[in-house]
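When we follow the working numbering, the leftmost residue of the first sequence carries the number 2, and every step to the right adds one.
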Amino acid sequence: MSKILAGLNPAQRAAVSHLNGPVMIVAGAGSGKTRVLTHRIALLVESGVRPWQVLALTFTNKAAKEMKERIALLVSPELARDLWMGTFHSVFARILRRHAADIGYTSSFTIYDSDDSLNAIKQVMNVLGISKDQFNANAVRSRISSAKNQLISPEEYERLARDLFSEQVARIYPEYNRALRLANAMDFDDLLLKTIELLDLPATPDNAGPLAYYQQKFKYILVDEYQDTNRAQYAIIKRLAGTQGNLTVVGDDAQSIYAFRGADIGNILDFERDYPGTQIFRLEQNYRSTKNILAAADELIKNNKDQIPKTLFTENVRGEPVKITQCLDERDEASAIVRAIEEQVRALKLDLKDCAVLYRTNAQSRAIEDGLRRQGIPYNIVGGTAFYKRKEIKDVLGYVRLLVNPNDSESLLRVINTPPRGIGATTMEHVAAYARDHRQSLMSALGAIDFVPGVQSRAIQRIHEFTRLLQKYTALRDKMSPSELVRSLVDETNLLQELKLENTIEALSRRENIQEFLSAITDYFHEKPDATLESFLEEVSLLSEVDQSDGTKNAVTLMTLHSAKGLEYPVVCIAGLEEGLFPSQPVGGTRDPNDIEEERRLLYVGITRAMRRCFVFYAIERLRFGETARALPSRFIEEIERSGTTEHVTSFGTKPHLRESASERTREISHLFAGSPVINGRTFARKRRETHTAHSFEDEPRASYSQIEEGTTLEHGARVFHETFGEGRVIAVAGFGDKAKATVEFPKFGRKNLMLKFANLKVL
DNA sequence: TGTGATAACATTTTT
DNA sequence: TGTTATCACA
């Protein structure tokens, strides 16, 4: 017992040792939250709770793995191994496989990633005759996804639909669900929804039902990052916690950064009300950062109205000020970042792996990568195009998925003509039509290809060859090890040879990727001899970006601020603190004040990742979308400066010639903005100097724009007429010259982004 | 049916 | 700017 409680501060110890009933741990950044969770679980196990009676839900698989390792050290590896620990999605996927038959699936159901979902939605739209030009499939997908996250059924969605777009989504949503069901597939959101469906199955006389079973099984439930759970996750927890109520949640409202994908901060704010008798513990001592870093973060977050009041303090040293650097453009920013990293590595005797560069959008990474490469500094990049999302990998995975689940129509469509084998789009149209008429999956329709009308005899031959190939490998599954099977499949389908013939650099790197994938499979089955292709596929589809990063290499880490949640680094550089970028300016003009608060929390997360040094950068102009756009420093800069623990410099301060060219460029460009200049919906200040004090933006961007046609002016709120969409109201205007765009709300067609050059709008 | 060229799109963040 | 979707043409 002493071993587990030793070394904890009084608040941590209290939070660890109060084992029963509902518990909420409000854990500030760097307050030893993971430590409390791991020690709490260790203590449970030590006091006699069996490991498989503990369910611990984390935000990433990596977090789960690290916690398991730490618990293994506190108790024993055997005990740690049997804990039910993982992300919501992976834990419930596992449970769903067990009970798949109860909800009309087979245990080898496929998990569709967002690309698969998007394709499935496009096909549904095709069948329903909904034009992809008028209704963006991606927008449809995100609508459906957020409906699912909020537990809104297709029927309810239809009732709530008020505008034309929602009405179309209401038609697509149920059809998309049917397509998933037919393909024996679930999307990410379904993993949560189907879990609820499963738990809500009624008990029968001879079976108490899954809910009773899992309530009984999981005696203790712990949820990490509770502030980022959505309604579906909340509903699952609520059911599982049931009457036992041994539920522990850990979270920090100040670090809620996923509202955009349905996370409901209300879950943490209302916890006490939901679970009467809740014990609340607060962890307020920060062990991670210097006083100066913490002061800057605190000063920033104070500007949010919505928050649980708390006082985070540290006994760490004061440290250096948070350094804010003004840069000329993204290239200059990259060099300034590189300089800061080199300087700190030298001064503090650190490794490159102690440094991280964080940014708002993945697109920003390119310039920073270039900068690092120029200086020959190795780096690791988290996210971007993840390995398992690359075309060539998805092709190979497609075959594997098809072997495991023949009804997976997305995989079938992907591989049936990859590499080309003469089964084209027209043929597959006929097959799909037949499948729809007979309410079958595409694969069953292929089985009946001789009866499918309209298919040419040559295509029929090719399809027979294709199905024979699949049958052969299905039969081989029992005779070969999974990795041998995949290797031989890649060999027989000529996927590698095709790339060899291409003889380009990209083809070479794709071949290397496939090779790497093959060795990854071999490693996986070597490490887990009992694993199946199903479990391999599941692991691959539920990997998060952070999970895939390689932490062993001694290199600078590059990632988005979102990915950085839960991590810490001695040196942290945050890039791109500019209005329009961070806080980001959404494409449509109107901005919910809550969005700004979420952006602010995101920066709070970023700053509090830093242990010893924190650097903040912004550029006065930046190449975005192939054109140079000027930007103002982020409002957040001024907010952290109020802490008095920052210093503000220019990256070109030591280089007079650069300073000269900078002000020249500023002059050069400034005349372009004479009048009412607008970029990204914001009026630009004409002189750099003014920008530090000129921070009084209105929340609603006031935009005005001089049309190419003389005399007409488009302003926010103006009423306009469009050939196809009819009358509408201007919500926002962005860009200038040929690139100028307007967001217009049309009563019948919803919100549209129009290029003014082509839209030919008439001002009414 | 397969291909190359051109147009259109995209930049918010992700399991 | 860079990548993907669509269209003409072979």
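Each residue gets a CB set at the ideal place from its N, CA and C atoms; glycine is no exception. Keep in mind it's a predicted model, so treat the numbers as computed, not measured.
Looking at residue i: is its Cβ nearer than 9 angstroms to the Cβ of residue j?
i	j	result
arginine 602	asparagine 305	yes
valine 55	lysine 220	yes
alanine 12	glutamate 334	no
alanine 121	methionine 86	no
proline 497	leucine 534	What sits at residue 497 in the sequence shown is leucine, not proline. Going by C-beta atoms, leucine 497 is not nearer than 9 angstroms to leucine 534.
glycine 372	isoleucine 394	no
tyrosine 435	proline 454	yes
glutamine 216	leucine 241	yes
valine 766	leucine 192	Lying outside 2 to 765, the shown extent of the chain, residue 766 is not represented and no answer is given.
threonine 140	isoleucine 112	It should be pointed out that residue 140 corresponds to alanine in this sequence rather than to threonine. Contact flag unset, no.
threonine 35	alanine 73	no
alanine 102	lysine 123	no
leucine 398	phenylalanine 653	no
arginine 440	leucine 119	no
lysine 501	arginine 512	yes
glutamine 376	proline 634	no
serine 233	glycine 267	At residue 233 the sequence reads alanine, which differs from the serine that was named. No, they are not a contact pair.
Please classify residue i: is it buried, with 16 or more other beta-carbons within 10 angstroms of its beta-carbon, or exposed?
i	result
isoleucine 302	buried
phenylalanine 261	exposed
arginine 614	buried
lysine 195	buried
lysine 4	exposed
glutamate 579	buried
serine 442	buried
proline 421	exposed
proline 678	Because proline 678 sits at a pLDDT of 29, beneath the cut-off of 50, its placement in the model cannot be relied upon, and the point is left open.
asparagine 287	buried
glutamine 516	exposed
threonine 362	exposed
leucine 562	buried
valine 17	buried
glycine 8	exposed
histidine 527	exposed
proline 206	exposed
glutamate 669	Because glutamate 669 carries a pLDDT of 43, less than 50, the predicted location of this residue cannot be relied on, and no value is offered for it.
threonine 694	Residue placement at threonine 694 is poorly supported in this model, since its pLDDT is 23, which falls under 50; the coordinates are not used for a value here.
isoleucine 506	exposed
Which residues in the same chain as residue i place their Cβ atom closer than 7 angstroms to its Cβ, once the five residues preceding and following it in sequence are excluded?
i	result
leucine 403	Asp409, Ser412, Leu413, Val416, Leu471
aspartate 253	Val27, Ala28, Gly29, Ala30, Gln228
threonine 475	Leu404
lysine 69	Ala81, Leu84, Met86
phenylalanine 110	Ala101, Asn185, Ala186, Met187, Asn406
Under DSSP, the beta strand (DSSP E) around residue i begins and ends at which residues?
i	result
isoleucine 222	221 to 224
aspartate 188	186 to 188
histidine 649	647 to 651
leucine 559	557 to 561
alanine 719	No beta strand (DSSP E) contains alanine 719, which DSSP labels as neither H nor E.
arginine 631	628 to 631
valine 573	570 to 575
lysine 324	323 to 328
threonine 622	Here residue 622 is glutamate; the residue named in the question, threonine, does not match the sequence. Residues 622 to 625.
Please return the same chain residues whose Cβ sits closer than 6 angstroms to the Cβ of residue i, not counting the five positions on each side in sequence.
i	result
histidine 649	Ile325
arginine 289	Gly31, Glu569, Met612
alanine 565	Leu359, Arg610
tyrosine 96	Residue 96 is actually isoleucine in this sequence, not tyrosine. Within the same chain, isoleucine 96 has no close Cβ partners at all.
asparagine 555	Asp352, Leu353, Lys354
proline 584	Ile597, Glu600
leucine 199	His100, Ile104, Pro211
Tell me which residues share the same chain as residue i and place their Cβ nearer than 8 angstroms to its Cβ, disregarding the 5 neighbours each side in the sequence.
i	result
glutamate 691	Since pLDDT at glutamate 691 reaches only 23, below the 50 mark, its modelled position is unreliable, and no value is offered.
isoleucine 424	Ile417, Asn418, Ala460, Arg463, Ile464, Phe467
alanine 387	Leu544, Glu546, Gln549
alanine 357	Val557, Thr558, Leu559, Met560, Ala565, Leu568, Tyr570, Val572, Val573, Cys574, Arg610
So residue i and residue j are supposed to be a Cβ contact under 8 angstroms. How far apart are they, rounded?
i	j	result
glutamate 226	phenylalanine 60	4 angstroms
alanine 296	threonine 646	4 angstroms
leucine 84	isoleucine 42	7 angstroms
glutamate 300	arginine 643	5 angstroms
The alpha helix (DSSP H) that contains residue i, what's its start and end?
i	result
valine 401	392 to 405
arginine 172	165 to 183
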